[in-house]
Amino acid sequence: MASPVRTILFDLDETLCERPPSEDPILGRAFRIAGVDPLFDRADYHRVAQSIGGTDSDVDRRVESFERLARAVEPSWRDSSA
0 MASPVRTILF DLDETLCERP PSEDPILGRA FRIAGVDPLF DRADYHRVAQ SIGGTDSDVD
60 RRVESFERLA RAVEPSWRDS SA
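Using numbering that gives the first Met the number 0, you'd call the opening residue of the sequence shown number 0 and step up by one each time.
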């Protein structure tokens, strides 16, 4: 029996790998590899990211977007790094 997923890593600042021309394959593949249903799609992400507006960095905006989207699906979700 496979172990439950404990961590999903998103390379928010592209230090681990280069981003392909479209985010769709990467986002879908990340959820598939983790063995979880997708929490959101690219359109959801961009809608939330635009609502956040300016931040100190793209990484901060991405983190905030992913956190908001996760909480929208699972209100009890919390950032395990906090």
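Think of the CB as a built atom: it goes at the ideal place given N, C-alpha and C, for glycine as much as any other residue.
In three-state DSSP terms, what is Ser2? Translated into positions along the sequence shown, residue 2 becomes position 3. Coil.
Check this for me: beta carbons of Val58 and Leu11, under 8 angstroms apart or not? Taking the first residue of the sequence shown as position 1, residue 58 is located at position 59. Taking the first residue of the sequence shown as position 1, residue 11 is located at position 12. Their beta carbons are under 8 angstroms apart, which means Val58 touches Leu11 by this criterion.
Taking Glu66 as part of the alpha helix (DSSP H), name the residues at either end of that continuous run. Counted from its first residue, the sequence shown places residue 66 at position 67. Unbroken alpha helix (DSSP H) run through Glu66: 57-72.
Can you tell me where the alpha helix (DSSP H) holding Ser75 begins and where it ends? What you label residue 75 is simply residue 76 of the sequence shown in a count that begins at 1. That residue, Ser75, is in no alpha helix (DSSP H); it is neither H nor E in DSSP.
Within 10 angstroms of the Cβ of Leu68, are there 16 or more other Cβ atoms? Answer buried if so, exposed if not. Taking the sequence shown and counting its residues from 1, the one referred to as residue 68 is at position 69. Label assigned to Leu68: buried.
Tell me the residue span of the alpha helix (DSSP H) that contains Ile51. The residue labelled residue 51 in the question sits at position 52 within the sequence shown. Run containing Ile51: 41-51, per the alpha helix (DSSP H) assignment.
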